[in-house]
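Working notes, beginning with the structure itself.
Number of protein chains: 2
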Amino acid sequence: MHNKRSSSTEDIIGHQFGAFYKIPIDKFFQFALSVDCVILGYHENGLKLLVIERGTEPHKGKKALPGDLVYPTEDMELAASRVLKDLTGLEEVFLTQSKSYGQVDRHPIGRVVTVGYYSLINVDQYQPLANSWAANVVWVDVNELPELAFDHNKIVNEVLSTLRERVRLQPIGFELLPRKFTLGQLQELYEAILNTKFDKANFRKKILSMNLLKDTKELQKEVSHRPAKLFSFDKKAYESLRKKGFSFEM
Amino acid sequence: MHNKRSSSTEDIIGHQFGAFYKIPIDKFFQFALSVDCVILGYHENGLKLLVIERGTEPHKGKKALPGDLVYPTEDMELAASRVLKDLTGLEEVFLTQSKSYGQVDRHPIGRVVTVGYYSLINVDQYQPLANSWAANVVWVDVNELPELAFDHNKIVNEVLSTLRERVRLQPIGFELLPRKFTLGQLQELYEAILNTKFDKANFRKKILSMNLLKDTKELQKEVSHRPAKLFSFDKKAYESLRKKGFSFEM
DNA sequence: TCACTTAATGTAGGACTTACAATAAGCATC
DNA sequence: GATGCTTATTGTAAGTCCTACATTAAGTGA
Numbered sequence: 002m003h004n005k006r007s008s009s010t011e012d013i014i015g016h017q018f019g020a021f022y023k024i025p026i027d028k029f030f031q032f033a034l035s036v037d038c039v040i041l042g043y044h045e046n047g048l049k050l051l052v053i054e055r056g057t058e059p060h061k062g063k064k065a066l067p068g069d070l071v072y073p074t075e076d077m078e079l080a081a082s083r084v085l086k087d088l089t090g091l092e093e094v095f096l097t098q099s100k101s102y103g104q105v106d107r108h109p110i111g112r113v114v115t116v117g118y119y120s121l122i123n124v125d126q127y128q129p130l131a132n133s134w135a136a137n138v139v140w141v142d143v144n145e146l147p148e149l150a151f152d153h154n155k156i157v158n159e160v161l162s163t164l165r166e167r168v169r170l171q172p173i174g175f176e177l178l179p180r181k182f183t184l185g186q187l188q189e190l191y192e193a194i195l196n197t198k199f200d201k202a203n204f205r206k207k208i209l210s211m212n213l214l215k216d217t218k219e220l221q222k223e224v225s226h227r228p229a230k231l232f233s234f235d236k237k238a239y240e241s242l243r244k245k246g247f248s249f250e251m
Numbered sequence: 002m003h004n005k006r007s008s009s010t011e012d013i014i015g016h017q018f019g020a021f022y023k024i025p026i027d028k029f030f031q032f033a034l035s036v037d038c039v040i041l042g043y044h045e046n047g048l049k050l051l052v053i054e055r056g057t058e059p060h061k062g063k064k065a066l067p068g069d070l071v072y073p074t075e076d077m078e079l080a081a082s083r084v085l086k087d088l089t090g091l092e093e094v095f096l097t098q099s100k101s102y103g104q105v106d107r108h109p110i111g112r113v114v115t116v117g118y119y120s121l122i123n124v125d126q127y128q129p130l131a132n133s134w135a136a137n138v139v140w141v142d143v144n145e146l147p148e149l150a151f152d153h154n155k156i157v158n159e160v161l162s163t164l165r166e167r168v169r170l171q172p173i174g175f176e177l178l179p180r181k182f183t184l185g186q187l188q189e190l191y192e193a194i195l196n197t198k199f200d201k202a203n204f205r206k207k208i209l210s211m212n213l214l215k216d217t218k219e220l221q222k223e224v225s226h227r228p229a230k231l232f233s234f235d236k237k238a239y240e241s242l243r244k245k246g247f248s249f250e251m
């Protein structure tokens with residue numbers, strides 16, 4: 002990349018206004034870029050965040066989001082997937098970009114701007130800890146977050162609040178559940194994310210009236226009470242409804 | 002900044018995993034950062050975007066978002082304000098960060114990652130074109146966007162879609178109107194942003210029932226029909242309602 | 001068989017939405 | 001000044017959706 006730039010100290014290509022001050026363009030190419038992944042899963046009735054324990058300074062020993070520097074010729078999305086896999090063993094996770102964080106002094110080593118990515122995953126389907134590097138990967142409850150390294154608490158909190166907005170307008174909550182689930186589990190999930198309580202009868206009617214769930218004709222097993230029906234999310238139905246102008250709302 | 006880093010070719014501080022490959026840390030500090038501002042205003046019954054005509058290569062002559070490179074010791078938010086002011090004359094605009102764009106080949110000069118910022122402004126209150134550099138600043142209708150420089154069309158479109166979501170859940174639309182406005186103007190604004198039609202009587206009742214508007218006791222002037230009452234947005238009322246758990250919804 | 005637990009359905013009242021009708025208040029024209 | 005035009009503003013009836021709670025169902029375990 003570097004070689005595409007002239008080394009003249011009055012090179013003015015590429016900036017609109019700084020050009021008037023005749024600042025050498027090379028002075029601008031001093032940033033590093035990193036990615037940090039906010040991976041949320043749902044188990045034991047709560048929303049959990051995947052963190053790793055840092056083995057290197059700075060913030061050695063603190064819990065942190067899985068994240069690392071991006072190579073200068075690497076796309077950001079690919080970097081996020083790579084880093085997540087390398088650090089936690091998780092593969093094929095659909096990552097969504099959140100915001101970027103670029104406080105001048107956020108990293109002692111130099112100007113490192115980080116881009117946040119997040120995903121909701123089904124804990125049964127993905128296996129963190131599978132990787133040998135990942136002995137230090139743990140889930141922590143989002144309601145009891147420890148002090149994380151860098152500005153990671155801020156990153157997580159901002160992801161959580163966009164998530165709480167998005168989850169009410171798009172059926173993304175289902176991604177946190179196993180493929181087959183009961184309406185009770187779905188309700189618990191929504192209650193955990195939104196931190197509220199719903200009336201059971203009304204929740205059920207609302208969800209069912211949307212026609213997004215397929216009745217699997219199976220029943221819950223090994224519970225000492227009336228077993229609930231198992232449903233699965235009908236992605237195709239959702240897509241075709243959405244095309245007709247249907248809008249999910251909770 | 003640079004001087005905080007050792008120049009050893011096997012410096013491993015600061016990256017978690019790349020460290021295993023012993024890649025010199027300096028190789029990571031080759032990014033430049035830029036900011037691009039999506040400034041939206043409302044006039045002549047439509048939502049407009051503020052663009053400038055590029056005077057330098059690449060994309061010389063094309064319309065582009067006001068944007069420029071960030072200095073290595075400058076905070077991103079401040080850079081966005083500075084750049085916006087320098088290029089368009091707009092000051093004290095409240096900018097919100099949107100997403101970042103980092104395609105490897107998005108800028109011919111090297112690896113430039115750009116961070117999007119956006120704002121809704123009241124066109125009467127702010128004066129673009131005030132600056133002498135800004136002879137080439139123009140508003141374009143968002144429904145008739147030309148081909149913009151770089152990936153700016155993508156940036157704008159993503160801002161527009163988050164805006165359409167946000168505007169329904171938060172009373173941000175008011176920022177586009179003059180301080181005193183009629184319910185008809187408010188309705189037109191919402192119709193322009195969301196690209197729909199509302200029933201006039203019902204729109205009015207819904208808005209008024211929220212108790213967010215203050216009746217200024219003034220009337221619209223110089224119209225050849227019954228003049229409408231002028232209202233203003235009651236920010237204090239909104240804040241106190243919000244604390245009590247009120248949620249805006251359109 | 002009974003007690004217990006959670007699932008699932010039903011229902012009445014109220015709240016909110018929708019579509020449209022009716023009235024009001026300016027200006028322009030005659 | 002009366003009439004008509006335009007848009008503002010209010011009213012209303014019907015229908016839909018929401019809410020709270022009661023009732024019934026179907027398992028397990030004693």
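Residue numbers (the numbering used here), protein chains in the order written: chain A, 2 to 251; chain B, 2 to 251.
Just so you know, even glycine gets a beta-carbon here, dropped at the ideal spot from N, CA and C.
- Residues of chain B whose Cβ lies closer than 7 Å to the Cβ of residue 100(A) are, in chain order, 98.
- When C-beta distances to chain A are compared with 9 Å, the residues of the stretch 22–42 of chain B below that value are 24, 26, 28, 29, 30, 31, 32, 33, 34 and 35, in chain order.
- If you draw a straight line from the Cα of residue 223(A) to the Cα of residue 229(A), it is about 11 Å long.
- Setting aside the 5 residues that flank it on each side, residue 220(B) is surrounded in the same chain by 228, 229, 230 and 231, each with a C-beta closer than 8 Å to its C-beta; the list follows chain order.
- Rounded to whole angstroms, the Cβ separation of residue 50(A) and residue 143(A) is 5 Å, and the two are in contact under 8 Å.
- The straight-line gap separating the alpha-carbon atoms of residue 88(B) and residue 119(A) is approximately 34 Å.
- Within the model, the alpha-carbon separation for residue 42(B) versus residue 107(A) is close to 34 Å.
- Residue range 33–44 is occupied by the beta strand (DSSP E) that includes residue 39(B).
- Per DSSP, residue 237(A) is one residue of the alpha helix (DSSP H) stretching across 236–244.
- Note that the stretch 78–97 of chain B touches the stretch 33–42 of chain B; at least 3 beta-carbon pairs, one per stretch, sit closer than 8 Å.
- Under DSSP, residue 248(A) shares a beta bridge with no residue.
- Nearest to residue 160(A) by C-alpha distance, out of 116(A), 55(A) and 175(A), is 116(A).
- Think of a sphere of 9 Å around the beta carbon of residue 251(A): no beta carbon from chain B falls inside it, the nearest being about 13 Å out.
- Contact of residue 168(B) with chain A is not assigned, every C-beta pair being separated by 9 Å or more.
- As DSSP reads the structure, residue 118(A) sits in a beta bridge with 38(A) and 98(A).
- If you check each beta-carbon in the stretch 109–122 of chain B against every beta-carbon of chain A, the ones closer than 9 Å belong to 109, 110, 111, 112, 113, 114 and 116.
- Pairing residue 104(B) with residue 76(A) gives a Cβ-Cβ distance under 9 Å.
- Judged by DSSP secondary structure, residue 90(A) falls outside any alpha helix (DSSP H); it is assigned neither H nor E.
- Taken residue by residue, none of the stretch 206–234 of chain B has a beta-carbon sitting less than 7 Å from a beta-carbon on chain A.
- Spatial neighbours of residue 86(B) in its own chain (CB-CB distance under 7 Å, excluding positions within 5 residues in sequence) are listed in chain order as 92.
- Listed along chain B, the residues sitting closer than 8 Å to residue 73(A) by beta-carbon distance are 28, 29, 31, 32 and 112.
- Residue pairing by DSSP places residue 222(B) in no beta bridge whatsoever.
- Between residue 71(B) and residue 139(B), the beta carbon gap of about 25 Å keeps them out of contact (Cβ cut-off 8 Å).
- One Cα belongs to residue 190(A), the other to residue 176(A), and the distance between them is close to 11 Å.
- Taking C-beta separations shorter than 6 Å and ignoring five residues to either side along the sequence, the partners of residue 205(A) in its chain run 184, following chain order.
- Taking C-alpha positions only, residue 251(B) is separated from residue 195(B) by approximately 10 Å.
- No Cβ-Cβ contact shorter than 9 Å links residue 213(A) with residue 182(A).
- Any Cβ of chain B closer than 9 Å to the Cβ of residue 103(A) would place that residue at the interface, and such an atom is present.
- Comparing alpha-carbon positions, the option among 216(B), 151(B) and 211(B) lying closest to residue 243(B) turns out to be 211(B).
- Per DSSP, residue 181(B) lies in no alpha helix (DSSP H) segment and is marked neither H nor E.
- Classified as buried, residue 186(A) has 16 or more neighbouring CB atoms from the shown chains inside 10 Å of its CB.
- Exposed is the label assigned to residue 202(B), since fewer than 16 other Cβ atoms lie within 10 Å of its Cβ.
- The beta carbon of residue 48(A) is closer than 7 Å to those of 41, 143, 193 and 194 in its chain, skipping five residues each way along the sequence.
- The stretch 182–222 of chain B contains, as complete beta strand (DSSP E) runs of 3+ residues, the segments 214–220 (chain order).
- Following the DSSP letters along the chain, one finds residue 49(B) inside the beta strand (DSSP E) bounded by residues 47–54.
- By the beta-carbon neighbour count (other beta carbons within 10 angstroms, threshold 16), residue 153(A) is buried.
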